[in-house]
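The opening residue of the sequence shown carries number 1 in UniProt numbering; numbering runs sequentially from there. Glycine is no exception: its CB is placed at the ideal position from the N, C-alpha and C atoms. Take a look at the structure below.
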Amino acid sequence: MRGSWRKIRRRYQLPQIVFSATSAPLHAGMHQAPRARRGFHSEQESRQVGEGSLREEKSASGASAADAPDPLAANYGDVPLEDLQSKAVSGRKWIEIANLNEELKGQNVLIRGQAHAIRSVSKKMAFLVVRERGFTVQCVLSVAPDVVSLQMVKFATGLSKESYVDVEGTISVPKDPIIGASQQQVEIQVKKLYCISKAVPALPINIDDAARGEIEIEKALQAGKQPVRVNQDTRLNFRVLDLCTPANQGIFRVQCQVENVMDIVDRLFVAMFDSLNEKCQKELEAIGKQYPFEPLKEAGVEIDPLGDLNTESERKLGQLVLEKYGTEFYILHRYPLAVRPFYTMPCSDDPAYREEIISGAQRVHVPEFLATRAEACGIDVKTISTYIDSFGYGAPLHGGFGVGLERVVMLFCALNNIRKTSLFPRDPLRIAP
């Protein structure tokens, strides 16, 4: 057979390569002529390459669109630290998520809370569930001209869970109740989205797991499931996250603005002093007889504008406030930063001062800046690493104050020694009784 093929080839001057290995099936391809094989593959490859190029072009165009300069960039993003420092009241009014309902349909609202859940539907649409004090609402980001861009949707889907965000948008009423939120009858069509405190991408415990009740766990076990149970030690190790559960939010409430804290202080002490004057007249008279009030010195007092106040300076300031405002109670705002702890937030317009609230202030909630402040105060960051790390799980803007009741009573009753108002005073020379 092979000899016959040789004769035919010589007679018709056919190329040898055409008839090589004819016993192999032609459709296998590997035995075709190189030119034919190249042609077949080049057509197939060009088709594959064309399809791949089309996909890559679409992907690249989508990626480039999401990464291109955005004219709507001012409507979203991470808020700079200097914008989070206490400033004059901005006029912006936040509404609590618990108060969102159908009556607000069509109204523009501003909320602040933690990113509870994030779901990407497509490059042009995403859902963000925001939680505040145990209440949740669904926020919808959908690409629309002059409102929401591709980059904004990408920013939303890139948020880490438990990060604190400000969301501004319009209330809408969905056709069907939203099962995954406490406010099931409404949702927010997002117009602006800002992150004010980032959480680390991987949290040590899941909030939903920590919020799961014992009854729910027992029912799941009886049904043959294996739910995650967060034990008490783990909760205490990551207490900051544990406090985010609805049960703990019902116990603790965090105030986040200096003005709010000052208002609380104002109302607290005014009510306290009014009550003492009203209900403790006889007791105050008895105290006055044994410990008569010592009048203030009339001489002027020189103080360092960036230094701490001593007792004499505080008394003189109290006298000036009484003469000008008719009250002996005052709040000293913008206290020198140099004499306060490292976690105190500097003033936005002058870092030499901070917001003094009795013995407190707005606190630094950004872990990186907190570490910087600690180093500036000569503190070894390693010794307070657990404290600093706790702010990496998403922390709200917050402030507070510390008040010693013994000191309040001592000042109110004009006593000259705090030991007189302490049940069992302690000092370096007294440890008993």
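- Less than 7 angstroms divides the Cβ of A126 from the Cβ of V153.
- The DSSP-derived three-state label of A199 is strand.
- For H398, the pairing in a beta bridge is given by DSSP as R363.
- D427 and R363 have their alpha carbons spaced roughly 30 angstroms apart.
- As computed with DSSP, D78 is found in a beta bridge with C195.
- Bridge partners of M125 according to DSSP: S122 and S142.
- The beta carbon of A181 lies closer than 7 angstroms to those of V129, T136, V137 and Q138 in the same chain, with the five residues before and after it left out.
- Going by C-alpha positions, K198 is about 25 angstroms away from L100.
- In its chain, beyond the 5 residues on either side, G113, Q114 and H116 have a beta carbon closer than 6 angstroms to the beta carbon of R131.
- Its chain contains I95, L100, E168, G169, T170, I171 and I188 as the residues whose beta carbon lies nearer than 8 angstroms to that of V109, once the 5 sequence neighbours on both sides are disregarded; these appear in chain order.
- Annotation for E375: V381 place their beta carbon closer than 8 angstroms to its own, counting only its chain and skipping 5 residues before and after.
- In the DSSP assignment, G113 is bridged to V165.
- Scanning L284, V240, G134 and Y76 for the CA closest to the CA of L415 turns up L284.
- Of the residues assessed, Q185 falls on the exposed side of the cut-off, its CB having fewer than 16 other CB atoms within 10 angstroms.
- In the displayed model, F135 falls within a strand according to three-state DSSP.
- Non-local beta-carbon contacts of E323 in its own chain, meaning distances under 8 angstroms to residues more than five positions away in sequence, are absent.
- For F424, the CB contacts under 7 angstroms within the same chain, skipping 5 residues up- and downstream, are P433 in chain order.
- Look at E96 here: in three-state DSSP terms it is coil, with no helix or strand label.
- Assigned with DSSP and collapsed to three states, R430 falls in strand.
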